[in-house]
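Peer 1: Sharing a structure here in structure tokens format.
In structure tokens form, the structure reads like this:
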């Protein structure tokens, strides 16, 4: 089997934290610790790896959160993405809201992070790098039934198509 190198692992950890809206602050803390050991070349390789894998906005968000919470410097070469960073402000606010809940409410925040809300849709769309990525967010949110949704809805078999009508409006 293959082991991730340091840069790939950094991108993976950023992706995992973003997927869960940074509901566990230790994930960001681990990245902050790793950031303190990075050379400029490593940061460039991380950005290149993120760009290749369609995770540029996730890594940008991670660097912005490190800047906000740990007072880390945003690497200079990332400033060329200033326009993308400005578009990500709602996603940052959403993530900071989960982080602000604190350790006592981690379980509740993690459960909350599993629910689909308009804010969460905006969050994931802003993290997607491309039109294809944004459309995949819509497909995943609106057309992939999850086990907990099916338990909640309890529709008769011949009315299951209604699931796709009520899910986007937050009724489940």
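Residue numbers (my numbering): 2 to 173. We put the CB at the ideal spot given by N, CA and C, even for glycine.
Within 10 angstroms of the Cβ of residue 109, are there 16 or more other Cβ atoms? Answer buried if so, exposed if not.
Peer 2: At residue 109 the pLDDT is 48, less than 50, meaning the model places this residue with poor confidence and gives no usable figure here.
Peer 1: In three-state DSSP terms, what is residue 39?
Peer 2: Three-state DSSP puts residue 39 in coil, outside helix and strand.
Peer 1: Spatial neighbours of residue 16 within its chain, please: C-beta separation below 8 Å, excluding the five flanking residues on both sides.
Peer 2: Cβ neighbours of residue 16 beyond the five flanking positions: 56, 59.
Peer 1: Could you give the distance in angstroms between the alpha-carbon of residue 81 and the alpha-carbon of residue 92?
Peer 2: Taking the straight line from one Cα to the other gives about 19 Å.
Peer 1: Below 8 Å, how does it come out for the segment 83-98 and the segment 45-55: are there three or more Cβ pairs, yes or no?
Peer 2: Counting Cβ pairs under 8 Å, fewer than three are found: no touch.
Peer 1: Cα-Cα, which of 19, 11, 99, 130 is closest to residue 39?
Peer 2: 11
Peer 1: Closest to residue 8 by CA distance: which of 85, 123, 49 is it?
Peer 2: 49
Peer 1: By the three-class DSSP mapping on this structure, what secondary structure does residue 56 have?
Peer 2: coil
Peer 1: Reducing DSSP to helix, strand and coil, say where residue 49 ends up.
Peer 2: helix
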